[in-house]
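Asker: I'd like to ask some things about the structure below.
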Amino acid sequence: MLATLTIEEAQSKLKQVIDNLGPGEEVLIMDNLVPVAKLIGRPQLRQARVPGTCKGMITLAVEDEEHLKDFREYMP
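So, in structure tokens, the structure goes:
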């Protein structure tokens with residue numbers, strides 16, 4: 199949802215508006231019903247990937263040598 203503010207409202211509570219601005223949210227600043235500026239919330243930064251977070255999530259039901267024959271030419 200796009201919120202709108204007048205210039206006077208934006209001047210009086212700019213810090214509060216910026217602090218409450220969520221990632222990707224937008225606030226349109228108007229002067230006499232004409233848009234003059236748009237504030238856009240900073241995108242949320244992704245956390246760095248950590249190796250091993252899926253450890254234990256995949257289990258092999260059986261070890262199948264039969265299917266490995268198809269990949270012999272790729273194996274050292």
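In terms of our numbering, the sequence shown opens at residue 199 and continues consecutively. Glycine is no exception: its CB is placed at the ideal position from the N, C-alpha and C atoms. Please read these numbers as outputs of a predicted model, since none were measured by experiment.
1) Can you tell me where the alpha helix (DSSP H) holding Leu208 begins and where it ends?
2) Can Pro221 and Gly250 be called in contact, C-beta distance under 8 Å?
3) So, at 8 Å on beta carbons, what are the nonlocal neighbours of Ile205 in its own chain, with the 5 sequence-adjacent residues on each side left out?
4) For the putative contact between Leu203 and Val232, defined by C-beta atoms under 8 Å, what is the C-beta separation to the nearest angstrom?
5) Are the CB atoms of Ile216 and Leu237 nearer to each other than 8 Å?
Answerer: Judging by the given coordinates:
1) Residue 208 sits at position 10 when you count from the first residue of the sequence shown. The identity of residue 208 in the sequence shown is Ala, whereas the question assumes Leu. Per DSSP, the unbroken alpha helix (DSSP H) holding Ala208 starts and ends at Ile205 to Ser210.
2) On the sequence shown, residue 221 is found 23 positions in, with the first residue counted as 1. On the sequence shown, residue 250 is found 52 positions in, with the first residue counted as 1. For Pro221 and Gly250, no; Cβs fall outside 8 Å.
3) If you number the sequence shown from 1, residue 205 lands on position 7. Listed in chain order, the non-local C-beta contacts of Ile205 below 8 Å within the same chain comprise Ile227, Met228, Asp229 and Val234, local neighbours out to five positions each way being set aside.
4) For the purposes of this step, residue 203 is taken as the residue at position 5 of the sequence shown. For the purposes of this step, residue 232 is taken as the residue at position 34 of the sequence shown. No, Leu203 and Val232 are not in contact; Cβ-Cβ is about 13 Å, not under 8 Å.
5) To locate residue 216, count along the sequence shown from 1; it is residue 18. To locate residue 237, count along the sequence shown from 1; it is residue 39. Yes, Cβ-Cβ distance for Ile216 and Leu237 is below 8 Å.
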